[in-house]
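Scroll down for the structure; my scribbles are underneath it.
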Amino acid sequence: MTGGVAPSELAAQPVGEAARVAEGVYQLKVPVPIPLVFVSAYLVEGDDGWTLIDTGFDYPEGRAAWESGAAAVGCDLRRDVERIVVTHFHPDHLGAAHWLQEISGAPVYMLESEIQNSREVWENRDQSKFIDHLVRHGMDRETTEKAARSMRTNLVLPEKMIPLKKGEEMPLGPGTSWVVHAPGHADHQLMLHDEGRRILFAADHVLLKITPNVGLWPETTPDPLNRYMENLRSMRSLPVELVLPGHGPLFHDLEGRIEELLVHHEERLEEMLREIRDRPKTPFEVSRKVFRYGLSIYERCFALAETLAHLDHLVLEDRAERMDDGTVSFRAT
Ligand SMILES: [Zn+2]
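Under this note's numbering, the first residue of the sequence shown is numbered 131, with each subsequent residue one higher.
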């Protein structure tokens, strides 16, 4: 979707570099080995040390960006880091937390439920649940097994993870921030709201140019799309003047972007409903129609999970029904 919300002129630096985006707040564009190009990590300067928000994948180019980017803004990763906050368990956010903790000695904070979820996802070598989930929804087994190998690779978790609770106050720079629960893209994702400075560290909840993937995975609580849209609606009046997302450009108009995202999902629900009007289709078939561009195996899994989240939501709204004879399919009611 091409939206009307304009990107900020802040953070025009190339990937691999850091730039100041507010007083004492820096964005580091950490390169990633996937089509997203970069993940945004943030470094916030405080009286007692720095807070790092998100970490990128743990691979040589990512580490190099951390080393040079942090040094460029005056943060010594081996001496100055007070805490590391990880917004959610995906490898582009959590991946390098183990390494950053190892070199800095700083604790890693996540939502309490996300710590548990991370252990279940990353310490469980059994991929059969993941594979069965995709196969049951129409993907062929061979593709699914290949995808499982590339997506659920080993991620080494930080040794010390400290639980946060939603609504909790956390020191951030010279002030404080609120821990905000942001379900949808991930069940236990958090954002930090610096109310004093009107800044939202938005993780992958509200992105510009791309829409956050809201998918139904084997470990996802049912109807993530509903929880995502409800949460967006509840954020409309949040006092925010600068949104610092996990990917893509920074922007200022949070409420405008919320409206665009809500419209996007309504349109996508309609589009999927049209696909299942004539005959029942598996979620994989629908995803192949709705997401047309040339997709990698990895992207096909995301497209399937996102399609499934929408179809599930149509069932919840009584607009579709779900049939299961070993393979799941949906048809409009
Ligand atoms: Zn991400």
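By construction, the Cβ of each residue, glycine as well, lies at the ideal position given by its N, Cα and C atoms.
Cβ atoms of Val238 and Val216 come within 8 angstroms of each other, at about 6 angstroms.
With a cut-off of 8 angstroms on Cβ pairs, the stretch 139-159 is in contact with the stretch 369-384, counting three or more such pairs. Within the stretch 232-285, the complete beta strand (DSSP E) runs of at least 3 residues fall at 238-241. Those residues placing their Cβ nearer than 5 angstroms to any heavy atom of ligand 1 are, following chain order, Asp222, Asp334, Gly376.
Distance between Ala450 and Trp252, taken at the CA atoms: about 34 angstroms.
By the neighbour-count criterion, in which a residue is buried when 16 or more other Cβ atoms sit within 10 angstroms of its Cβ, Asp324 is buried. The three-state secondary structure of Glu298, taken from DSSP, is coil.
Contact between Tyr428 and Ser280 holds, since their C-beta atoms are separated by about 6 angstroms, short of 8 angstroms. When the alpha-carbon of Leu368 is set against those of Pro413, Asp383, Gln319, the nearest one is in Asp383. Per DSSP, Trp196 is one residue of the alpha helix (DSSP H) stretching across 190-202. Judged by their CB atoms, Ser234 and Val265 are not nearer to each other than the 8 angstroms cut-off.
For His323, the enclosing beta strand (DSSP E) begins and ends at 320-324. Secondary structure within the stretch 162-187: not one fully enclosed alpha helix (DSSP H) run of 4 or more consecutive residues is present.
In its chain, beyond the 5 residues on either side, Val174 have a beta carbon closer than 6 angstroms to the beta carbon of Val155.
Closest in alpha carbon position to Arg208, among Gly179, Asp222, Asp184, is Gly179. For Asn361, the number of other beta carbons within 10 angstroms of its own is at least 16, and it is reported as buried. Rounded to whole angstroms, the gap between the alpha carbons of Leu380 and Gly176 is 22 angstroms. Secondary structure of His315 (DSSP, three-state): coil. C-alpha of Phe414 to C-alpha of Ala226: approximately 32 angstroms in a straight line. DSSP assignment within the stretch 347-406 yields the following whole alpha helix (DSSP H) runs of 4 residues or more, N-terminal first: 354-364, 384-405. A residue is called buried once 16 or more other Cβ atoms fall within 10 Å of its Cβ, and Gly134, having fewer, is exposed.
DSSP places Ser417 in no beta strand (DSSP E) but in the uninterrupted alpha helix (DSSP H) bounded by 413-420.
The Cβ atoms of Glu436 and Val344 sit closer than 8 angstroms to each other. Secondary structure at Pro342: coil, using DSSP grouped into helix, strand and coil.
With a contact defined as Cβ atoms closer than 8 angstroms, Gly192 and Pro161 qualify at about 6 angstroms. In this structure, the beta-carbon distance from Phe260 to Asp222 does not fall below 8 angstroms. Here Arg407 really is in contact with Ala462; their C-beta atoms are around 5 angstroms apart, less than 8 angstroms. For Leu346, the CB contacts under 7 angstroms within the same chain, skipping 5 residues up- and downstream, are Pro354, Ala435, Leu438, Ala439, Asp442 in chain order. The three-state secondary structure of Phe331, taken from DSSP, is strand. The alpha-carbon separation between Gly314 and Asn356 amounts to approximately 8 angstroms.
With a 10 Å radius around the Cβ and a threshold of 16 neighbouring Cβ atoms, Glu289 comes out exposed. A Cβ-Cβ separation of about 14 angstroms leaves Leu158 out of contact with Ala142 under the 8 angstroms criterion.
Between Ile245 and the set Ala433, Ala236, Cys205, Leu294, the nearest pair of CA atoms involves Leu294. The beta carbon of Glu232 sits closer than 7 angstroms to no other beta carbon from its chain once the five residues preceding and following it are set aside. In this structure, Thr181 lies near Leu302, with their beta-carbon atoms less than 8 angstroms apart.
For Phe460, the secondary structure class from DSSP, reduced to helix, strand or coil, is strand.
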